[in-house]
Ligand code: PAF
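Numbering (our numbering), first residue to last: 3 to 285.
Structure, rendered in structure tokens:
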């Protein structure tokens, strides 16, 4: 496995590989790797000749400077994990390398309502920052396929739009959320949970499973109201949103309809840690 920090070096390695006809699988990450990320690397390894994983905590997608400061950084152990997975290349640039000394202008990335609902409502500008970095990384790495986890479902929707809008020659591969045995979605932020908070965090996944159950007998609106009522009675958790939306446009839905996929999406603070999760309800 080779660790590369500069754009010029990674570009020249990739261009040599491409001349040989090698296919490139790309796993963009912000580090603090867990099984969820590693499952993306494994999938990429089965579908591409070589795998590039990037590790870059992208300041432009953090609307809260404290959140950026607190974001776990574990480069040493990340590299060990990637080595074990036999990832061929790791790209870990500095902020200076990616954006220079100026704050990047992310205003061109406009996804309309897709970026203003759910996460967008609570993290204004977040998806502009995500689109900026993913677009920049796609231009540097020029992957054939790029792998993203469904845990960040709205992000995945935005990335599909990005690829369509800028006609980027990359296939986006969705990978299922990896969960702990008790249902908690794996997340780099879970490291920040105390033992007690870790138990409370289970309310996110359990409310999604419960919504799935309730969807057999109640309307989407009633399911939403019921789950919100239950979560608001949990004082250790501060709910930001619980929404039931169609998976493509992320519009709230009023009735179950077999002709489109429906997702329940949730975000909440447990202590100082902000967590998100989502689950497909129907079909
Ligand atoms: O999902 C993430 O970890 C990040 O948003 C991504 C896609 C690596 C961009 O910084």
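Glycine included, C-beta positions come from ideal geometry on N, C-alpha and C.
By DSSP's criteria, residue 52 is part of a beta bridge. Which residues make up the other side? On the chain shown, position 50 is the one that residue 52 refers to. According to DSSP, residue 52 bridges with 26.
Which complete beta strand (DSSP E) runs does the stretch 155–227 hold, if anything under 3 residues is left out? 173–177, all fully within the stretch 155–227.
Quick one: using the 10 Å Cβ neighbour count with 16 as the cut-off for buried, is residue 276 buried or exposed? Reading the chain shown from its first residue, position 274 is the one you call residue 276. Residue 276 comes out buried.
On the DSSP bridge assignment, give the partners of residue 8 in chain order. Here residue 8 refers to the residue found at position 6 of the chain shown. DSSP, once it has assigned bridges, lists no residue as partnering residue 8.
Go to residue 279, then tell me how far its beta strand (DSSP E) extends in each direction, as first and last residue. Mapped onto the chain shown, residue 279 falls at position 277. Counting along the chain, residue 279 sits inside the beta strand (DSSP E) bounded by residues 275–284.
Neighbourhood of residue 171 by C-beta, 7 Å cutoff - its chain only, sequence neighbours within 5 removed: Within the chain shown, the letter at position 169 stands for residue 171. A distance below 7 Å between beta-carbons, with the five flanking residues on each side excluded, links residue 171 to no residue of its chain.
Taking all protein chains shown into account, do 16 or more other C-beta atoms lie within 10 angstroms of the C-beta of residue 207, making it buried, or fewer, making it exposed? For this step, residue 207 is matched to residue 205 along the chain shown. With 16 or more Cβ atoms within 10 Å of its Cβ, residue 207 is classed as buried.
Answer with buried or exposed for residue 121, where buried requires no fewer than 16 other C-beta atoms within 10 angstroms of its C-beta. Translated into positions along the chain shown, residue 121 becomes position 119. It counts as buried.
Sheet register partners of residue 271 (DSSP bridge): Numbered from 1 along the chain shown, position 269 holds the residue referred to as residue 271. Paired residue(s): 240 and 276.
Sequence-ordered residues whose beta carbon comes within less than 6 Å of a heavy atom of the ligand PAF: For the ligand PAF, the selected residues are 30, 31, 32, 60, 63, 132, 135, 136, 154 and 157.
Considering Cα atoms alone, identify which of 33, 44 and 93 is closest to residue 143. Along the chain shown, one-based indexing puts residue 143 at 141. Of the listed residues, the one whose Cα sits closest to residue 143 is 93.
To which residues does DSSP link residue 149 through a beta bridge? Within the chain shown, numbered from 1, the residue matching residue 149 stands at position 147. Its beta-bridge partners are 175.
Threshold first: 4 residues or longer. Then list the alpha helix (DSSP H) segments lying entirely within the stretch 71–95, N to C. Counting whole runs of 4 or more residues, the stretch 71–95 contains the alpha helix (DSSP H) stretches 77–86.
Quick one: what's residue 1 bridged to in DSSP? Look at the range of the chain in this structure, 3 to 285, and you will see that residue 1 is not part of it.
In the DSSP assignment, what residue or residues form a beta bridge with residue 15? What you label residue 15 is simply residue 13 of the chain shown in a count that begins at 1. Listed as beta-bridge partners of residue 15 by DSSP are no residues whatsoever.
With a CB to CB cut of under 6 Å and the five nearest residues on each side skipped, what residues in its chain are close to residue 4? Along the chain shown, one-based indexing puts residue 4 at 2. If we look at residue 4 and ignore the five residues flanking it on each side, its Cβ neighbours are 91.
Under the rule that 16 or more other beta-carbon atoms within 10 Å means buried, what is residue 96, buried or exposed? What you label residue 96 is simply residue 94 of the chain shown in a count that begins at 1. With fewer than 16 other CB atoms across the displayed protein chains lying within 10 angstroms of its CB, residue 96 is exposed.
On the premise that residue 243 lies in contact with residue 268, defined as a C-beta separation below 8 Å, what is that separation, rounded to the nearest angstrom? Walking along the chain shown from the start, residue 268 turns up at place 266. Walking along the chain shown from the start, residue 243 turns up at place 241. Confirmed, about 7 Å.
Compute the Euclidean distance between the alpha carbons of residue 211 and residue 279, then round it to the nearest angstrom. Numbered from its first residue, the chain shown carries residue 211 at position 209. Numbered from its first residue, the chain shown carries residue 279 at position 277. Distance from the CA of residue 211 to the CA of residue 279, rounded to the nearest whole angstrom, comes to 11 Å.
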